[in-house]
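Following UniProt numbering, the numbering of the sequence shown begins with 1 at its first residue and continues without gaps.
Okay, so here's the structure we're looking at.
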Amino acid sequence: MSGGRPVESVWDYPRPPAVRPCGDLVTVEFAGMMVAETRHAVRVLETSHPPVFYLPPVAVAPGLLRPSDRRSWCEWKGEAVYWHLTAGGRVAADAAWSYPDPSPGFEDIRDHLAFYPSRVDRCVVAGEEVTSQEGDFYGGWITSAIEGPFKGPPGTSGW
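Below is the structure:
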């Protein structure tokens, strides 16, 4: 147990990934502002990756996100679109992403927003500040309840 939560090994997560609701309080802060706050996040759990938290659009403060031209493709979830975060005179390029039309099985993340912890000032789950997944491609959120090793650092792309 970690902070009252059971410890999860990312090597026990499934492939293809699983989508699971999360009732913990999840927050994102940037430039002195609360960007997002919810108890209705959805976690995507995939072998070798820390969870990625997807927040419903109503949880995100209005007017802070601007569309980016960046796109990426996930073999499981489909095409992702990216968002720039602007607040307090600061801009975090491609700080968040979403799936407007996810692949079958991932409908629960439609239009939900995932934030890179490394591109905002602070992400918190159940009162614990998260650490970024190394490599900054996958955007996983690491807490004391998650154990690796994690995919992402140099030399792990073939895992």
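Glycine included, each C-beta is placed from N, C-alpha and C at the ideal position.
Note that the structure is a prediction, hence the values are computed from the model and not measured.
Would you please state the rounded distance, in angstroms, between the beta carbons of residue i and residue j? I believe it to be under 8 angstroms.
| i | j | result |
| --- | --- | --- |
| H141 | P117 | Rather than His, the amino acid found at residue 141 in this sequence is Trp. W141 to P117, Cβ: 6 angstroms. Contact. |
| G139 | V52 | 5 angstroms |
| F150 | H49 | 7 angstroms |
| V58 | P67 | 18 angstroms between Cβ atoms; not a contact. |
Return helix, strand or coil for residue i, following the three-state DSSP convention.
| i | result |
| --- | --- |
| R43 | strand |
| A96 | strand |
| D69 | strand |
| A31 | coil |
| W76 | coil |
| A59 | helix |
| R119 | helix |
| E107 | helix |
| V124 | strand |
| W11 | helix |
| Y54 | strand |
| T156 | coil |
| P16 | coil |
| V81 | strand |
| E134 | coil |
| L64 | coil |
Got a sec? Which residues, its chain only, sit under 6 angstroms from residue i by beta carbon, not counting five neighbours each side?
| i | result |
| --- | --- |
| Y54 | V42, I109, H112 and A114 |
| S132 | P117 and S118 |
| V124 | T27 |
Which residues in the same chain have their Cβ closer than 7 angstroms to the Cβ of residue i, if we skip the five residues on either side of it in sequence?
| i | result |
| --- | --- |
| G127 | none |
| E29 | V35, V120, D121 and R122 |
| P17 | V44, L45, E46 and W76 |
| A95 | W83, H84, L85, F115, Y116, R119 and V120 |
With distances taken from CA atoms, which of the options is nearest residue i?
| i | options | result |
| --- | --- | --- |
| P154 | G139, I146, G135 and S144 | G135 |
| R90 | G148, F150, V60 and L65 | L65 |
| C22 | R39, S9 and D12 | R39 |
| W92 | G105, A31 and S144 | Before going further, note that residue 92 is Ala rather than Trp in the sequence given. Nearest C-alpha to A92: A31. |
| V19 | F137, P149 and G105 | G105 |
| S72 | A145, V125, Y99 and V124 | Y99 |
| P56 | G152, G4 and E107 | E107 |
| W159 | G78, R5 and R15 | R15 |
Under 8 angstroms Cβ to Cβ from residue i, same chain only, skipping five residues before and after it: list those, please.
| i | result |
| --- | --- |
| E147 | V7, E8, S9 and V10 |
| G88 | F30, A31, G32 and M33 |
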